[in-house]
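Numbered according to our numbering, the sequence shown spans residues 603 to 891.
The beta carbon of each residue, even a glycine, is placed where N, CA and C say it ideally should be.
Source: prediction; values computed, not measured.
The structure appears below as structure tokens.
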Amino acid sequence: MELQFLVLLVFFLGWPTVRPQPLSDLIPKSANDLNVMLQDYAYRAFTFERTGIPFDGIVPSYLTGINISALRLRSGSLYSRGFDSYKEFVIPPGVMDGPRHVERLVFVYHNLGNWSSHYYPLTGDHMYLAPIFGLLAYNGSDLSATNLPVLEFNATEKPITFKFGPIKPVSSGRVMKCVWFDVIGSKPVYYEMAPDNTCLLSTPGHCSIVDAPFVHHRHTSHVGKTIAQVFLGALVLGYIMGLLIFHIRGRRNRTMENRETMTRAGTHYEEIQLATTECPKKASWTGCL
Ligand SMILES: *[C@@H]1O[C@H](CO)[C@@H](O)[C@H](O)[C@H]1NC(C)=O
Ligand SMILES: *[C@@H]1O[C@H](CO)[C@@H](O)[C@H](O)[C@H]1NC(C)=O
Ligand SMILES: *[C@@H]1O[C@H](CO)[C@@H](O)[C@H](O)[C@H]1NC(C)=O
Ligand SMILES: *[C@@H]1O[C@H](CO)[C@@H](O)[C@H](O)[C@H]1NC(C)=O
Numbered sequence: 603m604e605l606q607f608l609v610l611l612v613f614f615l616g617w618p619t620v621r622p623q624p625l626s627d628l629i630p631k632s633a634n635d636l637n638v639m640l641q642d643y644a645y646r647a648f649t650f651e652r653t654g655i656p657f658d659g660i661v662p663s664y665l666t667g668i669n670i671s672a673l674r675l676r677s678g679s680l681y682s683r684g685f686d687s688y689k690e691f692v693i694p695p696g697v698m699d700g701p702r703h704v705e706r707l708v709f710v711y712h713n714l715g716n717w718s719s720h721y722y723p724l725t726g727d728h729m730y731l732a733p734i735f736g737l738l739a740y741n742g743s744d745l746s747a748t749n750l751p752v753l754e755f756n757a758t759e760k761p762i763t764f765k766f767g768p769i770k771p772v773s774s775g776r777v778m779k780c781v782w783f784d785v786i787g788s789k790p791v792y793y794e795m796a797p798d799n800t801c802l803l804s805t806p807g808h809c810s811i812v813d814a815p816f817v818h819h820r821h822t823s824h825v826g827k828t829i830a831q832v833f834l835g836a837l838v839l840g841y842i843m844g845l846l847i848f849h850i851r852g853r854r855n856r857t858m859e860n861r862e863t864m865t866r867a868g869t870h871y872e873e874i875q876l877a878t879t880e881c882p883k884k885a886s887w888t889g890c891l
């Protein structure tokens, strides 16, 4: 009886099948979703609750190519001593968490490898010369926490330094620049590199080195601008002088003719006289426009 029922059920519903979830559904959609997922996987790397030791994490296989690590610190020790070298980052003393203050924090490090431009696309004529690296911080009180909000921090004394390894030189007409994305992963910010292939940063985010177009000398354009300003200034000055001369001459002519025609009673005289004023022979171009 029961068996018959089961056979019927199978007949109508078909064999139960386990359909694997497609990889494209598991891969985080946005840079922010990726941050949330990597925080979870980085926290799993802590084999014991110690501060001051970096632990490398393992990402799910569908994110192969991304490396992560987690480092737990007391925020007091972070502020007074910094952390000399956490992967490529040198964290100087003076780094403050806040405005929400925590007792312990965890730095989560990202190396996005071949996923860099997937999550952090560059704009314009720029190309990555290195993978993109992230340095984010989270509340480090509970190491089993997930979905933690990103913790703000600020290097208040010296900037955090990011040291890239050797990078092949760019071709002529191109320059190396740093690129930085804030935590929301909004628009890239391109800025000058510091010496020795380093980039400086002071707040959480992601950074890398890019091959950027060489923008024409700022010095030349500055000189050009000055010349244009001087020329414009001279032109305006000339115009004002011209108006002044015209005005003075006009007034002098009028008073002289007024004296001559005092006795004449012409109501529209002045208007007619003004309209027909001829250019005196010696007048400069500015005097009689
Ligand atoms: C990630 O780490 C592994 C093992 O340490 C290393 O072989 C690999 O080069 C790293 N990936 C990147 C993109 O640096
Ligand atoms: C990165 O490389 C891995 C293999 O190492 C590959 O599975 C993955 O699809 C690549 N990611 C992208 C965005 O191309
Ligand atoms: C940090 O996490 C602990 C434990 O979950 C919590 O008690 C504390 O309020 C959190 N601190 C902040 C600033 O969110
Ligand atoms: C970081 O600290 C510096 C120096 O104290 C301050 O000028 C700056 O506004 C701070 N930035 C942020 C985002 O809090």
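- For S810, the enclosing beta strand (DSSP E) starts and ends at G807 to P815.
- Counting only heavy atoms of ligand 2, the residues whose C-beta sits closer than 6 Å to one of them are, along the chain, T666, G667, N716, W717 and H720.
- Taken in chain order, the complete alpha helix (DSSP H) segments of 4 or more residues contained in the segment 661-697 are 677-683.
- Here the segment 625-634 makes contact with the segment 658-673; the two share three or more CB pairs at distances below 8 Å.
- Per DSSP, L640 is one residue of the alpha helix (DSSP H) stretching across A633 to Y645.
- Contact between the segment 772-792 and the segment 695-706 is absent: fewer than 3 CB-CB pairs across the two stretches fall below 8 Å.
- R674 counts as buried, since at least 16 other C-beta atoms from the protein chains shown sit within 10 angstroms of its C-beta.
- Residue environment analysis places N749 among the exposed positions, since fewer than 16 neighbouring C-beta atoms fall within 10 angstroms of its C-beta.
- Around G715, the same chain offers G667, I668, N669 and P733 as residues with beta carbons nearer than 8 Å, after the five sequence neighbours per side are excluded.
- Counting along the chain, L707 sits inside the beta strand (DSSP E) bounded by residues R706 to N713.
- Counting only the Cα atoms, K760 lies some 31 Å from R646.
- Within 10 angstroms of the beta-carbon of S718 lie 16 or more other beta-carbons, which makes it buried.
- DSSP places L737 in the uninterrupted beta strand (DSSP E) bounded by F735 to N741.
- Per the coordinates, the alpha-carbon of L724 lies some 12 Å from the alpha-carbon of L731.
- Ordered along the chain, residues surrounding ligand 3 are R702, H703, V704, N741, S743, D744 and A747 [Cβ under 7 Å from any heavy atom].
- Shown here, L750 sits in coil according to DSSP, grouped into three states, outside any helix or strand.
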